[in-house]
Amino acid sequence: MLSGKTRTLREWSQKIAYETNALAIRALHILTPYDCVLCGGNSSGGGNLCSICSKDLPLIRQPCQYCGVETAQSADQLLCGPCILKKPVFNRCVAVMSYASPADQLISQFKFNANFAAGLALGEILALGFKSHCDFHGYPDAIIPIPLHQLRLKKRGFNQALEIAKQLSSSTGVPVFNNTLTRIKNTVPQTEIKRAGLRRSNLKKAFTCIDLLSHSNAKNIALVDDVVTTGATLNEAARALFIGGAERVDCFCIARANR
Ligand SMILES: [Zn+2]
Ligand SMILES: [Zn+2]
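First residue of the sequence shown? That's 75 in the numbering used here, and the numbers climb one at a time after it.
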């Protein structure tokens, strides 16, 4: 059995390997023309994607004003059916892409193969959506990533939502609060549960939040995740943030699955 000390050393080595990898990629990105992370072609524009692959991204054009799903409706019908029936707990969700090719490939490369160049490409795309939203609606007091449970964090070695949150922070100056929201229940991934009722009970009381007002006076929160499926995770995390004293919670996600 591993001792507590051994586990800590392993966590540190994973963290250092990740930080070194991300730094090396950033340095390469600055010093040399970088290969497109999708097709391997030259991304001469300085990004992690070439211009051809960038054009293939499934950007959301007509989002539901609450949950961010592509509505495919005219601009005067701004809510999707489920949001008309029941408003989400959070104020608004901004997702930049539909969960479709090639966004799904980039996300899976980042999340499951620790491909940090793919992570940087995704962070750059979300940062554009984040900034254009905040330029219009105002900037949040803090960026809070959806936390992983400790057991899953140890297995994966990094929290993809935190890495994206750091990129949003470095391009806007809004601080990341990483220890404010905690996942206290090691839930089954929502995608593995078919029934909506079971999904809700799976996430019930999954998150807890420290008292925001006594720690930071942050009231306007940007909650960050990689993929939103039904919105149940964001709802439960937002519920915990409101109990902790938040007055507004807007969610920012790379991709939104169709309901
Ligand atoms: Zn390409
Ligand atoms: Zn909606």
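Where a beta carbon is used, it is the ideal one built from N, C-alpha and C, also for glycine. Since the structure is predicted, the reported quantities are computational estimates derived from the model, not experimental observations.
Quiz item: Any idea what DSSP makes of proline 221, helix, strand or coil?
Solution: coil
Quiz item: Got a list of residues with beta-carbon closer than 5 Å to any non-hydrogen atom of ligand 2, in chain order?
Solution: Cys138, Tyr140, Cys141, Cys154, Cys157
Exercise. Please find out if some non-hydrogen atom of ligand 1 comes closer than 7 Å to the beta-carbon of isoleucine 126.
Key: yes
Self-check item: Separation of aspartate 130 from aspartate 285, as counted between CA atoms
Solution: 43 Å
Quiz item: Does any heavy atom of ligand 1 sit closer than 7 Å to the C-beta of leucine 123?
Solution: yes
Quiz item: Is the closest heavy atom of ligand 1 to the C-beta of cysteine 208 under 7 Å?
Solution: no
Quiz prompt | isoleucine 317 versus leucine 287: straight-line alpha-carbon distance, rounded | solution = 11 Å
Self-check item: Neighbourhood of glycine 78 by C-beta distance below 6 Å, restricted to the same chain and skipping five residues each side
Solution: Its pLDDT being 40, under 50, glycine 78 is placed unreliably in this model, and the value from its coordinates should be taken loosely. None.
Self-check item: Pick from Arg166, Cys141, Asn122 that is closest to proline 156, judged by C-alpha positions
Solution: Cys141
Exercise. Would you check if the distance between the CB atom of isoleucine 295 and the CB atom of proline 219 is smaller than 8 Å?
Key: no
Quiz item: When you compare only the Cα positions, how much space is there between leucine 297 and phenylalanine 281?
Solution: 13 Å
Quiz item: Comparing alpha-carbon positions, which option in Leu227, Leu180, Val168, Ile199 lies nearest valine 323?
Solution: Val168
Quiz item: Is the closest heavy atom of ligand 1 to the C-beta of cysteine 325 under 7 Å?
Solution: no
Quiz prompt | Proximity test, leucine 112 beta-carbon vs ligand 1 heavy atom, cut-off 7 Å | solution = yes
Quiz item: Since phenylalanine 164 contacts alanine 216 with CB under 8 Å, what's their CB separation in whole angstroms?
Solution: At roughly 15 Å, the Cβ-Cβ gap does not stay under 8 Å, so phenylalanine 164 and alanine 216 are not in contact.
Exercise. Return yes when at least one heavy atom of ligand 1 lies under 7 Å from the C-beta of glycine 203, else no.
Key: no
Quiz item: Hey, alanine 320 and lysine 279: beta-carbon distance below 8 Å or not?
Solution: no
Self-check item: DSSP state of cysteine 154 mapped onto helix, strand, coil
Solution: coil
Quiz item: Between phenylalanine 326 and tyrosine 173, what straight-line distance do the alpha-carbon atoms span, to the nearest angstrom?
Solution: 14 Å
Quiz item: Taking glutamine 139 as the reference, which of Leu180, Ile158, Leu277, Asp178 has the closest Cα?
Solution: Ile158
Quiz prompt | Proximal residues to isoleucine 181 (C-beta, below 7 Å), its chain only, five neighbours per side dropped | solution = Leu196, Asp300, Val301, Ile328, Ala329
Exercise. With hydrogens ignored, establish whether the beta-carbon of glycine 193 is closer than 7 Å to any heavy atom of ligand 1.
Key: no
Quiz prompt | Straight-line Cα distance separating serine 275 from alanine 201 | solution = 32 Å
Exercise. Flag glycine 115 as yes when its Cβ comes closer than 7 Å to any non-hydrogen atom of ligand 1, and as no otherwise.
Key: yes
Quiz prompt | Residue of Gln183, Pro221, Val248 minimising C-alpha distance to cysteine 208 | solution = Val248
Quiz item: glutamate 144 by DSSP, collapsed to three states: which one?
Solution: strand
Quiz prompt | Cross-strand partners of aspartate 178 (DSSP beta bridge) | solution = Answer is none; aspartate 178 lacks a bridge partner.
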